[in-house]
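Residue numbers (our numbering), protein chains in the order written: chain A, 478 to 821; chain B, 36 to 369; chain C, 222 to 506. First up is the structure itself, then whatever we jot down about it.
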Amino acid sequence: MDAALSVRNLRAYYVTDYFGVRREVRAVDDVTLSVGKNEIYGIAGESSCGKSTFIKTVAAAIRPPLRVLGGSIKYSFLDRDLYDLDEKKLSDIRWKQLSCIPQGSMSVLNPVRRIRESFQDFAFPHMGLDRSEFGKVVNRHLERLHLQPTILSSYPHELSGGMRQRVAIALATVCRPEFIIADEPTTALDVVVQKDVLALILETQREIGSSMIFVTHDLTVHANISDRLGIMYAGRLIEEGPTRDVFRDPMHPYTRHLVASLPRIGDLTAKAALTGTPPNLAQPPSGCRFHPRCPLATDICRQANPELTTAVPGRRVACYAVTPSPEARAMTNHRMTNDRFPPS
Amino acid sequence: MTSYTWYFLRRLGQFVLVVFVGINIVFFVTHATPIDPVEQAISSATQFGQSDPRAVEIMRKALRELYGLDGTLWQQYLTFWRRLATGDFGPSLSAFPTPVSKLIGQALPWTVGLLATSTLTAWCIGNFMGGLAGYYRRNRLLKAAGIFAMGLQPIPSYIMSLVVLILFGYFWPILPITGGFEMNIHPGFTFSFISSVVTHSLLPVLSLTLITIGAWFVGMRSLVSNIISEDYVVYAELAGVDRHKILTSYVMRNALMPQLTGLALSLGGIFNGAIITEVVFGYPGLGTLLIRGVNAGDYSLVLGIASISIIAVATAVFAIDLLYPLLDPRVKIR
Amino acid sequence: MLKIVRDLFRHNREFAVGSILVLLVVGLVVASFFSPYPPLDSYLVPPDTPPSWDHLLGTNSRGQDVFWQLTIAMRNSLFFGISVAVISRVISLVIGLVSGYAGGMVDRILMSINDTFVVIPLFPILTLFYFMMHDHMSWTLLALAMASLGWPYDARLIRSVALSLRNREFTTQSIFSGMSMRQILVEDHLPYVLPIVFSTTLNNINWSIGLEVTLSVIGLTNIETPTIGTMIYWANQHTAMVAGVWWWVLAPVATVIMTFIGLFLLSVSMNEFIDPRTRLARMGA
């Protein structure tokens, strides 16, 4: 298999039942994508569009009430579906082949353990080295990420936010995994530190040669780091393509709006806001989930959900305005026919 | 000055505050009521109406001086503090002329022993089981233990001790239910004495442990179930860190800190429970001594026990406060 | 409101069990008003008879019907507990809210005082109090004494709720939109504060009844008034256990355990219900 990761028709819902009220939040609803080797695939979207949930399912970090209801997830280094693995095999591949750079690195490190101990907990069991060898590898790794080895004796609360994020990156990459999942690693940082951290991530990824999924709502970050970009809305992937192309020529109305809303130096035009609010994923709108806010919505959009289809080689869109579905064509034909020959 | 010194000073300040406020309350209670303990003692001594008025007058003066009640209110206040500082509460009326401090000194080790043993047992076992129950939510045995603990928690000390007494005193009398040791054994470091002390302490320790263990279990369980959704635990699980290590170094270790604080805060209540348990089992600690003093109208004894109780609990809390930074490396900033 | 209660009852086992127990106890209290025997009289019926249809829980050594004594005792104890809880609620609320909202130096001073009261062991002081008051001790006085010593634990809880509310975004929003402080307190914050006040009240009732029982059993209160504690006191005085009159001891002990567990379960289930995480899951049904 060529792709580093191949996700097909993934569905993951939050199913809750409190005090007799049953709710099903369709956080990830039928998502299909693949990530190539040595590629950074970015996922963008507004809050509560399902990208964090997607990350959790792909990282095998689901917990009730989150449940995977269908679909498949296949990594290149595994011979079967991620969810067909038993507990032991799963913990074997963790960190060594599949690691995460988390969101909000403020609190991902145990406050009562020194950094050194965190490295020992996370990485040592997977590397199969003796203690002194391990120590040397960690020191070398830290230097490469421009971190002083003295931080190993510190506690997390003694480091600044930027340093903690760098430690998190170091922690996630010390085993040189084949696949890295990054969940909003720069969101809590100020712009200056953000630039450094992004450069670090890029440098490390190139050096190790791992594939990466990078999730953030900030499109400007994607412009700097992602090779390919996928846009999520209301639990579905609605557009995908090489980052440059998506920016230059967005096809889906939502993407068009996102790209248009990015401020450019010298551009003084007012930005129009999208009407409406993000949909309630427990009771999503019928048909295309974007139709209540879409300026191009037609009848078919209210009734049927557009599939992610290849509009142009390398680019996929889920919108009837771009790729009319067979039904839409039939409907328009039907209407045209009725106009010419009204039924008696 | 290091941050630990600052912390130490703050805790010391709190200790002094507790003792000061507590002793003031004691003073307030004894001096602000319309009852005069001297008159009370005299009326109980002369109730048969056959005393010579001059003898009564001498007794009144003697008692006034004994209780530190002569002079103005301010002088009484100063006398009170002076006596406290030297540990001189005067002789006990019911065990005349044994000084009150000697009586308290004899009773205190029993109370401290009971308190320390039960609190340690209840805290450690309660927290451990509660931690497991919070982590392994689906284990049926732990769920049953949880229901049991919830049933124990609200029951007040007296009722629990009474139930234990009835169970082991009447239904299944295998353990002694009164006293600290067998009456006929001479105190000393002999095996028979020590084993007697141990058997006699089993029921009181059991009672006090049962009284307090419910709260630790339930508290720890809810604490742990919150901690397992904390970022660092989720991240560690994501990284495939050994489950056992997560349970001990990540979950329990972080839950122990608020539990230690909770221990310091509930020590006053546990002390109450200890005293009550002693009364039920006739255990020779401060509790039985206190009630004996009340029933005998022994003002100095009751006063002395109240004061010493405050100081003892405040000291124990201070000691626990000093231990806290050992667990929490973040105690540097306010 | 009724719907909430019904939902709770149907789906939360703790609430169901708790409310049943509490309803039983309340039933007893209501029954006390129909007692055929005057509460304070003794030697009205043949003493020491075991439970029978004439006397549902038997009679005690003082010649009183145990069942009817129990109803009156429960009523007095419950009433006492509620009074102490209500009075100390006022103190806890004031100190907790002022401390949480004012913050800074005021907060630190109040909390130092609060912690002081938490540490001080109550029992020796109450005993000393009784010793000083002796025959002048009344229930009102005892209630006031207990209320003035029993507020600190709950004050701290209320303070933490007030703190978190003050710092929440919706408060700053309300302030910026021009709502007066009073409006904010009543409309925005009260719904969050009330449930915790309610659950701490239930816990406080438990605590005061427990303390009352303890003090009465040792004889440190007005033992003529029938309460749960004094019932046990008299039973001990007449060495009921040894004399085989076990129903005299069992009745009050069982009833009071029922009360404690019932109130406790109610407060626990209330807490779970108002926990914002489960609340959100229940909305938008």
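For every residue, glycine included, the Cβ atom is placed at its ideal position computed from N, Cα and C. Nothing here was measured: the structure is a model prediction, and the numbers come from that model.
Closest by C-alpha distance to B/Thr312, when choosing among B/Ser153, B/Ser344, B/Ser260:
In terms of CA proximity to B/Thr312, B/Ser153 leads the group B/Ser153, B/Ser344, B/Ser260.
Residue-chain proximity (B/Val56, chain C), Cβ-Cβ < 8 Å
It does; some Cβ of chain C falls within 8 Å.
Given A/Pro772 as reference, the closest of A/Cys796, A/Leu785, A/Asn782, A/Ala788 once Cα atoms are compared:
Closest option to A/Pro772, Cα to Cα, is A/Cys796.
Pair every Cβ in the stretch 199-218 of chain B with every Cβ in the stretch 109-126 of chain B, then say whether three or more of these pairs are closer than 8 Å.
Flag = no, the stretch 199-218 of chain B and the stretch 109-126 of chain B do not touch.
Here's the rule I'm using: 16 or more other beta-carbon atoms within 10 Å means buried, otherwise exposed. How should B/Ser196 be labelled?
That one is buried.
Looking at C/Gly450: is its Cβ nearer than 8 Å to the Cβ of C/Val434?
Result yes, Cβ atoms of C/Gly450 and C/Val434 sit closer than 8 Å.
Which bits of chain C does B/Thr65 rub up against, with CB to CB less than 8 Å?
Under the 8 Å cutoff, chain C gives Leu349, Met353.
Option nearest B/Asn261 by Cα separation, candidates B/Thr121, B/Ser78, B/Gly165:
By alpha-carbon distance to B/Asn261, the top candidate from B/Thr121, B/Ser78, B/Gly165 is B/Gly165.
Give me the DSSP bridge partner(s) of A/Phe656.
According to DSSP, A/Phe656 bridges with A/Leu575, A/Ser688.
Since I believe C/Ala368 is in contact with C/Ile312 (beta carbons under 8 Å), could you give me their beta-carbon distance rounded to a whole number of angstroms?
Contact holds; Cβ gap of about 7 Å.
Beta-carbon spacing of A/Tyr552, A/Ala481 below 8 Å:
The answer is yes: Cβ separation under 8 Å.
Any Cβ of chain C within less than 8 Å of the Cβ of B/Leu302?
Answer yes: the Cβ-Cβ gap between B/Leu302 and chain C drops below 8 Å somewhere.
For B/Asn377, which residues in chain A fall below 8 Å Cβ to Cβ?
Residue 377 of chain B lies beyond the range of chain B shown here (36 to 369); nothing can be said about it.
Please decide whether C/Met462 counts as near chain B, where near means a Cβ-Cβ distance under 8 Å.
For C/Met462, the answer is yes, since a Cβ of chain B falls inside 8 Å of its Cβ.
Can you name the start and end residues of the beta strand (DSSP E) that A/Glu716 belongs to?
Bounds of the beta strand (DSSP E) holding A/Glu716 are 713-719.
Determine the chain B residues that contact A/Phe599 at a beta-carbon separation under 7 Å, and present them in chain order.
Within chain B, the residues near A/Phe599 are Ala274, Val276.
Anything in chain A within Cβ reach of B/Val259, meaning under 9 Å, just list it in chain order.
Per Cβ cutoff of 9 Å: no residues; B/Val259 is ~15 Å from chain A at best.
A/Glu523 - DSSP class collapsed to helix/strand/coil
A/Glu523: coil per DSSP, three-state reduction.
Taking only three categories from DSSP, how would you classify C/Ser282?
Three-state DSSP puts C/Ser282 in coil, outside helix and strand.
Do the stretch 694-710 of chain A and the stretch 769-787 of chain A make contact, defined as three or more Cβ pairs closer than 8 Å?
By the Cβ rule, the stretch 694-710 of chain A does not count as touching the stretch 769-787 of chain A, because fewer than three pairs are nearer than 8 Å.
If you follow the alpha helix (DSSP H) that A/Thr693 is in, where does it begin and where does it stop?
From DSSP, A/Thr693 is part of no alpha helix (DSSP H); its letter is neither H nor E.
State the DSSP-derived secondary structure class of A/Ser821, mapped to helix, strand or coil.
Bear in mind that a pLDDT of 49 at A/Ser821, under 50, signals an unreliable position, so the model cannot answer this.
Ignoring anything shorter than 4 residues or poking outside the stretch 485-547 of chain A, list the alpha helix (DSSP H) runs there in chain order.
Those alpha helix (DSSP H) runs which fall completely within the stretch 485-547 of chain A and span 4+ residues are 528-535.
Output, in sequence order along the chain, the residues in the stretch 355-367 of chain C whose CB is closer than 7 Å to any CB in chain B.
Cβ contacts with chain B: His355, His357.
Under 8 Å, do C/Leu278 and C/Val287 count as touching if we go by C-beta distance?
For C/Leu278 and C/Val287, yes; Cβs fall inside 8 Å.
Measure the C-alpha to C-alpha separation of B/Gly297 and B/Ile326 and round it to an integer number of angstroms.
Their Cα atoms are separated by approximately 29 Å.
DSSP three-state label for C/Ile303, please.
DSSP, reduced to helix, strand and coil, places C/Ile303 within a helical segment of the structure shown.
At a CB-CB cut-off below 8 Å, which residues of chain A make contact with B/Ala271?
What B/Ala271 touches in chain A: Asn587, Asp598, Phe599.
Beta-bridge pairing of A/Lys551 - partner residues as DSSP gives them
A/Lys551 is bridged to A/Ser483.
Below 7 Å on C-beta distance, what does C/Asn427 contact in chain D?
In the structure shown, chain D does not exist; the protein chains are A, B and C.
What does a CB cutoff of less than 7 Å around A/Glu661 pick up in its chain, not counting 5 residues either side in sequence?
Non-local C-beta neighbours of A/Glu661 in its own chain, meaning closer than 7 Å and more than five positions away in sequence, comprise Gln580, Val692, Thr693, ordered along the chain.
Using 8 Å as the threshold, is the C-beta distance between A/Cys445 and A/Ala521 below it?
Beyond the ends of chain A as shown, which are 478 and 821, falls residue 445 of chain A; an answer cannot be given.
Closer than 8 Å to chain B by CB, A/Leu482
Chain B, which has no Cβ nearer than 8 Å to the Cβ of A/Leu482, makes this no.
Interfacial residues, the stretch 220-242 of chain B to chain C, with Cβ spacing under 7 Å
From the stretch 220-242 of chain B, no residue has a Cβ closer than 7 Å to chain C.
Going by C-alpha to C-alpha distance, which of B/Leu149, B/Ser227, B/Ser257 sits closest to B/Leu238?
Distance from the Cα of B/Leu238 is smallest, within the candidate group B/Leu149, B/Ser227, B/Ser257, for B/Leu149.
Residues of its chain near C/Tyr454, where Cβ-Cβ distance is below 8 Å and the 5 sequence neighbours each way are ignored
So the list reads Ser437, Val438, Ile439, Gly440, Ile444, once near-sequence residues are dropped.
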